[in-house]
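Notes to accompany the following structure.
Number of protein chains: 2
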Amino acid sequence: MTNLSPLLDYFNKLIPLTDQEELLVTNLFKPRLYRKRQYVLQEGDVCNQFNFVVSGCLRLYKIDNKGTIHIIQFTAENWWLMDIGSFHQRSASELNIDALEDTMVLQISYDNLIYLYLQCPKFDRIFRVLVENSFVSLQKRLLLNISSTAEERYHSFLQTYSHLDNRISQAQIAAFLGVTPEFLSRLRNKQAKKP
Amino acid sequence: MTNLSPLLDYFNKLIPLTDQEELLVTNLFKPRLYRKRQYVLQEGDVCNQFNFVVSGCLRLYKIDNKGTIHIIQFTAENWWLMDIGSFHQRSASELNIDALEDTMVLQISYDNLIYLYLQCPKFDRIFRVLVENSFVSLQKRLLLNISSTAEERYHSFLQTYSHLDNRISQAQIAAFLGVTPEFLSRLRNKQAKKP
DNA sequence: CGCGACGTTGATTTGCCTCAACGATTGTGG
DNA sequence: CCACAATCGTTGAGGCAAATCAACGTCGCG
C-alpha cells in the first residue's frame, strides 16, 4: 500500500491530527500514478480531485486560441495542484493538468472532501488556509507577469523553482515565463557572457 | 446613519440571515467615506479591512520599480475589495487601493471578522465563498493577461466592465490593460474605423 | 540505426513603447 | 467669474523587446 506519511506530515505541520483524523485521511485519500505526458485534468471537464503530489512533477496550463501553451504552475513533491475555480464552482475547466514525469499523487474527490468537512470541521480550516495560500501565490504570479520584463521573470523563476531547474526542459520554462524557447535561449546566452 | 441594506441584501442572497445575525453585521461593519484620490490601503501597510463598496469606485494597483502603475482590479457598487493575501497573512502589502470617485464603503476590521466567525460560523462559509470567488476572478485576470493581445484584452474589458466604461478615464483603462494611454488611443481609433 | 524532440543561432518583422507636440477639457485660485 | 495651470486624449516619428521563420547540430529513445 502507498505511503501516506508525506500527506499526514503536511497536515500535522499545519494543525496536529488525532489518530482518528489520520484514519479519516487514510480512508478518503486515494493514491494514483500518472505516467509522463498523461492528463490529470483536461479542459472541458470539471476538476473533481484535489491532488497532493508525493513524487514527480505536474504542470497546470492553458491553451490559447492560437494553440500556444501557457504554463501557470509547476507542482512537485509535497504541494497541491488542482483548478480551484472549476473544483469549487463545479464548472467546466479552461485548464489542463498533465505529468512532466511519472508522478504519484494522493487525491481526494469533491464528494469525499465535503464528507471530510462534515466529519471533522478542523479540515475546514486546513483547506481554507490552503486556498488562501493558493490565492497568494497566484497573486504573486500575476504581479510578476504584469510588472516585470522577461529577464526579471526568469531570475525570479530560478529563485522560486531552483530545485526544479534541472528537471524541467527549457521549452517548458519558456512556456511558463511567457516567451518563446528561442528568446529564452538568447537570454541564457547573454547571462552566461555577462557576469 | 448609513444604510446597511446593500450589504445585508448581499449576504441574504448567499445565505439568508436571522435577525440576530443581521444585528451582528450592523454592529461590526462601519461605514466610511473616502474622497476621490484618497488612499484606502497604501503599500507597506497591513491590509486590515474588508471593504464592501456601497457607492463610488475603487482601484487596486501595484507600482513597479520604474514607477508605472498596474491596475489589478476596479471595484464599484456591491463588490468587495481588499488585499486578501496581506489581510489573511497579516503581512505588509505590495499593493495600493485608492478612490477614483468619492466612495462609500462598509468595512469590517480583521479582529471584528475573527469575532464574527466565532459568534456565527455561518459567516465562515460566506467568506470562504467570497475568497473562492476572488480566486476565480484573479485567475481569469491572469489567464487573460497571459494568453491575449492588448486588443483582445480591451474587448474583454468592455464586456466585463461595460457598466464602468464611461466612469473610468482611458488612462485608467490603459493601466488596467497593461498598455500606454497612447497605444489604447490608437486601438480605439482603429476600432472606430473598421466595423 | 533513424527519427523526433530539443537547444541554438541568424535574419526579418511586429506590437507596443518613448518622446514630443498639440487642442480640448477640467479644475482652481485670485 | 475669469485666467491660468493641470490633466486628458490624440497624433506623429522613431526605437526596442520579443516574435516569427528558417536552418542546423545534438541528443535520447524506440
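Chains as they are written, first to last, in our numbering: chain F, 1 to 195; chain L, 1001 to 1195.
We treat Cβ as the ideally placed atom computed from N, Cα and C, and that holds for glycine.
| Asked | Found |
| --- | --- |
| Three-state secondary structure assigned by DSSP to residue 98 of chain F | strand |
| CB contact below 8 Å: residue 1109 of chain L versus chain F | no |
| DSSP beta-bridge partners of residue 1063 of chain L | L:1069 |
| Any C-beta of chain L under 8 Å from that of residue 134 of chain F | yes |
| C-alpha gap between residue 162 of chain F and residue 9 of chain F, whole angstroms | 23 Å |
| Contacting residues, own chain, Cβ-Cβ under 7 Å from residue 1069 of chain L (five flanking each side not counted) | 1061, 1063 and 1175 |
| Chain-ordered neighbours of residue 139 of chain F on chain L, where CB pairs are closer than 7 Å | 1085 and 1138 |
| Residue 1079 of chain L to residue 1106 of chain L span [Cα, whole Å] | 11 Å |
| C-beta neighbour in chain F for residue 1070 of chain L, strict 8 Å | yes |
| Proximal residues to residue 1006 of chain L (C-beta, below 7 Å), its chain only, five neighbours per side dropped | 1054 and 1078 |
| Classification of residue 103 of chain F by the beta-carbon crowding that lies within 10 angstroms, buried from 16 upward | buried |
| For residue 1078 of chain L, three-class secondary structure by DSSP | coil |
| Distance between beta carbons of residue 1082 of chain L and residue 1112 of chain L, contact taken as under 8 Å | Not really, about 14 Å apart at Cβ, beyond 8 Å. |
| Inter-residue Cα distance where the pair is residue 11 of chain F and residue 1188 of chain L | 52 Å |
| Chain F within 8 Å of residue 1102 of chain L, Cβ atoms only | no |
| C-beta neighbour in chain L for residue 156 of chain F, strict 8 Å | no |
| Residue 1099 of chain L and residue 1142 of chain L closer than 8 Å at C-beta | no |
| At least 3 beta-carbon pairs within less than 8 Å: the region 40-47 of chain F vs the region 84-95 of chain F | yes |
| Where the alpha helix (DSSP H) through residue 1030 of chain L begins and ends | Careful: residue 1030 of chain L lies outside any alpha helix (DSSP H), inside the beta strand (DSSP E) at 1030-1034. |
| Cutoff 8 Å: residue 189 of chain F Cβ touching any chain L Cβ | no |
| Residue 67 of chain F versus residue 1115 of chain L - alpha carbon distance | 49 Å |
| Under 9 Å (Cβ pairs) to chain F, residues found in the region 1040-1066 of chain L | 1062, 1063, 1064, 1065 and 1066 |
| Contact the region 1022-1041 of chain L vs the region 1145-1165 of chain L: 3+ CB pairs below 8 Å | no |
| Residue 169 of chain F (DSSP reduced to helix, strand or coil) | coil |
| First through last residue of the beta strand (DSSP E) which encompasses residue 1103 of chain L | 1103-1109 |
| Contacting residues, own chain, Cβ-Cβ under 7 Å from residue 1144 of chain L (five flanking each side not counted) | 1153 and 1156 |
| Chain L residues whose Cβ lies nearer than 8 Å to that of residue 145 of chain F | 1142, 1145 and 1146 |
| CB of residue 168 of chain F within 8 Å of CB of residue 184 of chain F, strictly | no |
| Closest Cα partner of residue 56 of chain F within the set F:38, F:186, F:123 and F:72 | F:38 |
| Contacting residues, own chain, Cβ-Cβ under 6 Å from residue 4 of chain F (five flanking each side not counted) | 26 |
| Contacting residues, own chain, Cβ-Cβ under 7 Å from residue 1126 of chain L (five flanking each side not counted) | 1011, 1014 and 1015 |
| CB contact below 8 Å: residue 1131 of chain L versus chain F | yes |
| Exposed unless 16 or more other CB atoms sit within 10 angstroms - verdict on residue 76 of chain F | buried |
| Min CB distance residue 151 of chain F to chain L below 8 Å | no |
| Where residue 1039 of chain L sits in the DSSP three-state scheme | strand |
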